[in-house]
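**Q**
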Amino acid sequence: MLRKLLSYIIPIKIYKTKSTLSKTIEVTWANGELVLDSENTNYSYGSLQRILRRGLKHFGFERIAKMDHALVLGVAGGSVIKTLVDEIHFEGQITGVDIDPNIIKIANEYFKLDEIKNLNIIIDDAFEFVLKTKDRYDLIIIDIFQDTTMPNFLFEKFFTNRICFLLKSKGVVLFNTMCLTAGDNFRNQNFVKGLSDDNYKIQSIPRVEVHNELIIIEKLN
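Reading the sequence shown from the start, the letters are residues 5 to 225 in this note's numbering.
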């Protein structure tokens, strides 16, 4: 409790470890809440939770609460999963996919992710998982970073087509991206243009928490 109170004055680091994918992973008390950070950015809770909550509000919490199956690609500390369960009261199946077993261990220990009964965590590469899965999803959340870097496959047409194929009728995709340079902005513009399809509604929500842009895909039938 003392750490929590002091964190309103100064962040208090309580755990730090090396990561092959993200250089460093830290658990910190900040402004009265536990957050998970990489070396240069927030990974879960804090600003990231606000970003993804903004995207989920775009669809409407009532709409999401009625869905049956959500897929989260990039779990980290699980803040968006906590939003689904605690705020939206989502009772359907949640499948979370993360490539790093160490970060899931941290999520279980510090953020109690393993206590969520309708959550199934799979340790796998997101690209490999979407190729193998035979399930279909009402909601797909893509939130994959290696520190401040986004893997190139996320913006490739083949991956996007596969993601859209996995959507049920009227399903939605929430894709969190980071725009730090003019090149990142250009990448996102080209990505959105390349998604033009009469079967989907495509939108972007720019400058969420300064450096993030949310890309929204809605299947129309």
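Virtual Cβ for every residue (Gly too), placed ideally from N, Cα, C.
Taking residue 172 as the reference, give the member of 11, 214, 203 with the closest Cα.
**A** Counting from one through the sequence shown, the residue named residue 172 turns up at place 168. The residue with the shortest Cα to Cα distance from residue 172 is 203.
**Q** For residue 152 versus residue 28, is the C-beta spacing smaller than 8 Å?
**A** Walking along the sequence shown from the start, residue 152 turns up at place 148. Walking along the sequence shown from the start, residue 28 turns up at place 24. Not in contact: residue 152 and residue 28 (Cβ atoms no closer than 8 Å).
**Q** Using only alpha-carbon positions, find the residue among 155, 127, 209, 10 that is nearest to residue 34.
**A** Position 30 of the sequence shown, counted from the start, is the residue given in the question as residue 34. The shortest Cα separation from residue 34 among 155, 127, 209, 10 belongs to 10.
**Q** Among residues of its own chain, excluding the 5 on either side of residue 163, which ones have a beta-carbon nearer than 6 Å to its beta-carbon?
**A** Along the sequence shown, one-based indexing puts residue 163 at 159. Answer for residue 163: 157, listed in chain order.
**Q** Only counting the same chain, and skipping five residues up and downstream in sequence, which positions put a Cβ closer than 6 Å to that of residue 104?
**A** Residue mapping note: residue 104 aligns to position 100 of the sequence shown, counting from 1. Within the same chain, residue 104 has close Cβ partners 25.
**Q** Quick check on residue 41 - is its C-beta less than 8 Å from some C-beta in chain B?
**A** Among the protein chains of the structure shown there is no chain B, as only one such chain exists.
**Q** Return the Cβ separation of residue 218 and residue 206 in integer angstroms, given the expectation that the two are a contact with Cβ distance under 8 Å.
**A** One-based indexing of the sequence shown puts residue 218 at position 214. One-based indexing of the sequence shown puts residue 206 at position 202. Not confirmed; about 12 Å, so no contact.
**Q** Out of curiosity, what's the CA-to-CA distance linking residue 63 and residue 30?
**A** Taking the first residue of the sequence shown as position 1, residue 63 is located at position 59. Taking the first residue of the sequence shown as position 1, residue 30 is located at position 26. Taking the straight line from one Cα to the other gives about 31 Å.
**Q** Taking the beta strand (DSSP E) that residue 140 belongs to, which residues open and close that run?
**A** In the sequence shown, counting from the first residue as 1, residue 140 sits at position 136. Where residue 140 is concerned, there is no enclosing beta strand (DSSP E), given that its DSSP letter is neither H nor E.
**Q** Who does residue 42 pair with in a DSSP beta bridge?
**A** The residue you call residue 42 lines up with position 38 of the sequence shown. In the DSSP output, where bridge partners are listed per residue, residue 42 has none listed.
**Q** Do residue 125 and residue 79 have their CB atoms nearer than 8 Å?
**A** Translated into positions along the sequence shown, residue 125 becomes position 121. Translated into positions along the sequence shown, residue 79 becomes position 75. The answer is yes: Cβ separation under 8 Å.
**Q** Since residue 58 and residue 212 should fall inside the 8 Å C-beta cutoff, what is the C-beta to C-beta distance between them, to a whole number of angstroms?
**A** Looking up residue 58 in the sequence shown gives position 54. Looking up residue 212 in the sequence shown gives position 208. Yes, residue 58 and residue 212 are in contact; Cβ-Cβ is about 6 Å, under 8 Å.
**Q** Within 10 Å of its beta-carbon, does residue 36 have 16 or more other beta-carbons around it, so buried, or fewer, so exposed?
**A** Mapped onto the sequence shown, residue 36 falls at position 32. Exposed.
**Q** I need the DSSP call for residue 14, collapsed to helix, strand or coil.
**A** Start at 1 with the first residue of the sequence shown, and residue 14 comes out as number 10. Three-state DSSP puts residue 14 in coil, outside helix and strand.
**Q** On the three-pair Cβ rule with 8 Å, is the stretch 96-113 touching the stretch 130-146?
**A** They touch, by the three-pair rule.
**Q** For residue 196, which three-state DSSP category applies?
**A** What you label residue 196 is simply residue 192 of the sequence shown in a count that begins at 1. In this structure, residue 196 counts as helix in the three-state DSSP scheme.
**Q** Assuming residue 38 and residue 114 form a contact by the criterion Cβ under 8 Å, report the distance between their Cβ atoms to the nearest whole angstrom.
**A** As a working note, residue 38 is residue 34 in the sequence shown. As a working note, residue 114 is residue 110 in the sequence shown. Yes, residue 38 and residue 114 are in contact; Cβ-Cβ is about 6 Å, under 8 Å.
**Q** Could you give the uninterrupted runs of the alpha helix (DSSP H) lying entirely in the stretch 147-192, keeping only those of 4 residues or more?
**A** Whole alpha helix (DSSP H) segments, 4+ residues: 161-169.
**Q** Check this for me: beta carbons of residue 175 and residue 136, under 8 Å apart or not?
**A** Here residue 175 is taken as the residue at index 171 of the sequence shown, counted from 1. Here residue 136 is taken as the residue at index 132 of the sequence shown, counted from 1. No, the pair does not count as a contact, with Cβ atoms beyond the cut-off.
**Q** What is the residue span of the alpha helix (DSSP H) that residue 233 lies within?
**A** With the chain represented from 5 up to 225, any question about residue 233 goes unanswered, as that position is not in the structure.
**Q** Find out if the Cβ-Cβ distance for the pair residue 4, residue 216 is shorter than 8 Å.
**A** Here the chain comprises residues numbered 5 to 225, so residue 4 is not present and cannot be evaluated.
**Q** Rounded to whole angstroms, how far is the Cβ of residue 42 from the Cβ of residue 106, which I believe are closer than 8 Å?
**A** Within the sequence shown, numbered from 1, the residue matching residue 42 stands at position 38. Within the sequence shown, numbered from 1, the residue matching residue 106 stands at position 102. Between residue 106 and residue 42 the Cβ distance is about 12 Å, and since that is not below 8 Å, they are no contact.
**Q** So, for residue 20: in the same chain, excluding its five sequence neighbours on each side, which residues have a beta-carbon less than 6 Å away from its beta-carbon?
**A** Residue numbering aside, residue 20 sits at position 16 when the sequence shown is read from its first letter. The residues are 30.
**Q** For the alpha helix (DSSP H) containing residue 52, list its first residue and its last residue.
**A** Residue 52 sits at position 48 when you count from the first residue of the sequence shown. Start and end: 50-63.
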